[in-house]
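Residues in the sequence shown are numbered consecutively from 143, following my numbering.
Backbone N, C-alpha and C fix where the C-beta goes; we use that ideal spot for every residue, glycine too.
These notes are about the structure you will find just below.
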Amino acid sequence: MTISAVMPTYARTDLVFERGQGAMLYTVDGRSFLDFGAGVAVNALGHAHPHLVQALKAQAEKVWHTSNLYRVAGQEKLAGRLVANSFADSVFFCNSGAEAMECALKMARKFHQAQGNKDKFRVITVRGAFHGRTLATISAGGQAKHLDGFAPNVEGFDQVAYGNLNEARAAITPQTAAVAVELIQGEGGIMPLDPDYVRGLRAMADEFGLLLIFDEVQTGMGRTGKLFAYEWTGVTPDIMALAKGLGGGFPVGACLATERAAKYLSAGTHGSTFGGNPLAMAAANAVMDVMLDPGFLPHVQKVSAYLWPKLTAIVAKYPKVFEVVRGKGLMIGLKCRVPNGEVVTRFMNEGLLTVGAGDNVVRLVPPLIITEAEVDAAVGMIDRAAALFAA
Ligand SMILES: *Cc1c(COP(=O)(O)O)cnc(C)c1O
């Protein structure tokens, strides 16, 4: 037998972490790293945040799981807070980003079909998108590298060029139910959508009776300096998917929607055994306690404003290594002129963890609690790694 006991679906780096503290991670063999990957934009409050640790410990001693056969106090609390701080009227809890998008897609179909439009099911998505790894969400993302070998595709997705409103309008048919976009494509390579394009999509959705879905699984929960990235655009969606930062490292997802969009998902139409269990809700409510502090988002904006000019200077200093820096807040992409995988490795050799993305990009998605001193340390490591490349 040559297959490993852990199914080999990932190309893993040979590091095993034993513990973390804030923005630092420590391996079992005593090495330390500054974590600018944050478990792929998940550890929004860093590692071992005392408030999160305390909240999860306290909940662990009470009750872990009850199922959704009963009311869950933590769900009612978290949903109320998400509703109070967003466009949404109602929240469905699940366990991952893909499930949050799956709920969004099912909701869009139900919305039309419950009103008698049985043939409305198609969803317009954007090329380069990533919405998860279930059969429906790989079809929504439409990327060959994720679809290969998993035919037939789930029917009902029409992909259009990124940023092109005319093409999006031309893709609308009588079967179109919704439009789904990431406001900044994450896995696709930190590609921000032009706010004018986003406003155009909103107008288009209204004109043609479509639901507008924002996949904020990566951009949400303070990542861009606002609680949700749509707050920068001046428009709101009908449905929004959240996950990654929501539980600060505990697996939890959520699908938020207006009453108008959500009202047909009545009892029995959708569900999840684990979704919104007391442990997950304790973690996510603890994250919310921290993020709703009036000083939290200003800190994200301040520390990112401190980081951006330094990265711009690095890109200018090493034009053979880097092409451009793009993104928003603490969701940052360094587009490389050398292979991005090598850049990730060289950053790691300097003690900095980052994450690769599409379009030959290296992602910097640090915990939102990073300090200016940690920014300085990271920029120093990036500078040293780039100098070695350039040499
Ligand atoms: C990570 C991600 C997903 C998928 O989340 P999982 O928790 O891995 O299922 C979906 N959409 C976006 C934008 C993401 O970044």
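Nearest-angstrom Cα separation, counted from residue j out to residue i
i       : j       : result
Tyr-199 : Ala-282 : First, the amino acid is wrong: residue 199 is Lys here, not Tyr. Roughly 38 Å separates the two Cα atoms.
Gln-285 : Glu-297 : 14 Å
Gly-410 : Ala-447 : 47 Å
Ile-326 : Val-170 : 35 Å
Val-214 : Ala-190 : 25 Å
Gln-520 : His-288 : First, the amino acid is wrong: residue 520 is Ala here, not Gln. If I take the Cα positions, the gap works out to 32 Å.
Lys-405 : Leu-277 : 25 Å
Ala-515 : Thr-400 : 41 Å
Asn-295 : His-273 : 14 Å
Glu-358 : Glu-324 : 6 Å
Gln-360 : Leu-307 : 23 Å
Trp-374 : Pro-337 : 8 Å
Thr-378 : Phe-229 : 6 Å
Thr-534 : Ala-533 : Limits of the chain in this structure are 143 at one end and 533 at the other, which puts residue 534 out of reach.
Gln-255 : Lys-262 : 7 Å
Leu-439 : Lys-368 : 6 Å
Asn-259 : Leu-167 : 52 Å
Arg-161 : Gly-181 : 13 Å
Val-233 : Val-486 : 37 Å
Tyr-304 : Val-504 : 20 Å
Phe-350 : Ser-146 : 51 Å
Val-148 : Pro-436 : 43 Å
Asp-156 : Val-394 : 27 Å
Asp-231 : Val-225 : 5 Å
Gln-443 : Val-517 : 13 Å
Tyr-460 : Gly-328 : 24 Å
Tyr-339 : Glu-244 : 24 Å
Lys-252 : Ala-153 : 38 Å
Thr-513 : Pro-150 : 36 Å
Ile-524 : Ala-345 : 42 Å
Ala-425 : Ala-183 : 16 Å
Ala-165 : Leu-494 : 10 Å
Trp-450 : Met-143 : 49 Å
Val-480 : Val-268 : 26 Å
Leu-434 : Ala-455 : 33 Å
Asp-348 : His-441 : 36 Å
Nonlocal neighbours in the same chain, by C-beta distance under 6 Å from residue i, ignoring five residues either side
i       : result
Val-457 : Phe-464 and Val-467
Ala-132 : A question about residue 132 goes unanswered here, because the residues of the chain that appear run from 143 up to 533.
Ala-313 : Ile-266, Asp-300 and Val-302
Asn-419 : His-207
Phe-489 : Thr-496 and Ala-527
Contact under 8 Å by Cβ, residue i with residue j
i       : j       : result
Gly-172 : Gly-331 : no
Leu-343 : Ala-310 : yes
Asn-227 : Gly-390 : no
Ala-95  : Ala-371 : Here the chain covers residues 143 to 533 and nothing more, so residue 95 does not appear.
Phe-175 : Val-507 : no
Arg-526 : Glu-484 : no
Thr-318 : Lys-470 : no
Met-535 : Leu-388 : Because the chain here runs from 143 to 533, residue 535 falls outside it and cannot be looked at.
Ala-385 : Ala-293 : no
Gly-291 : Arg-341 : no
Spatial neighbours of residue i in its chain, beta-carbon cut-off 8 Å, leaving aside the 5 residues before and after
i       : result
Asn-427 : Ala-197, Gly-216, Lys-219, Leu-220 and Arg-223
Leu-421 : Leu-198, Gln-201, Ala-202, Trp-206, His-207 and Phe-392
Arg-275 : Ala-240 and His-288
Lys-204 : Pro-420
Own chain, CB closer than 7 Å to residue i, minus 5 neighbours either side, in chain order
i       : result
Thr-315 : Arg-264
His-193 : Ala-428, Asp-431 and Val-432
Val-158 : Thr-169 and Val-170
Lys-248 : His-412
Asn-482 : Gly-498, Asn-502, Val-503 and Val-504
Selection from the options that minimises the alpha carbon distance to residue i
i       : options                               : result
Gln-257 : Arg-402, Gly-522 and Val-323          : Arg-402
Asn-210 : Ala-293, Pro-461, Val-225 and Phe-235 : Phe-235
Gly-136 : Leu-530, Gly-483, Pro-509 and Ala-293 : No statement about residue 136 is possible, as the shown extent of the chain runs from 143 to 533 and does not include it.
Gly-270 : Gly-291, Pro-334, Trp-374 and Pro-481 : Pro-334
Ile-511 : Val-445, Trp-450, Glu-324 and Phe-531 : Val-445
Thr-415 : Pro-436, Gly-493 and Asn-237          : Asn-237
Tyr-212 : Thr-144, Thr-361, Ala-322 and Gly-417 : Gly-417
Gly-522 : Met-166, Leu-453 and Thr-279          : Leu-453
Lys-462 : Leu-530, Leu-434 and Val-517          : Leu-530
Gln-163 : Ser-146, Gly-437, Val-195 and Thr-144 : Val-195
> Do the region 400-419 and the region 472-490 touch if we need at least three Cβ pairs shorter than 8 Å?
Replying inline: no
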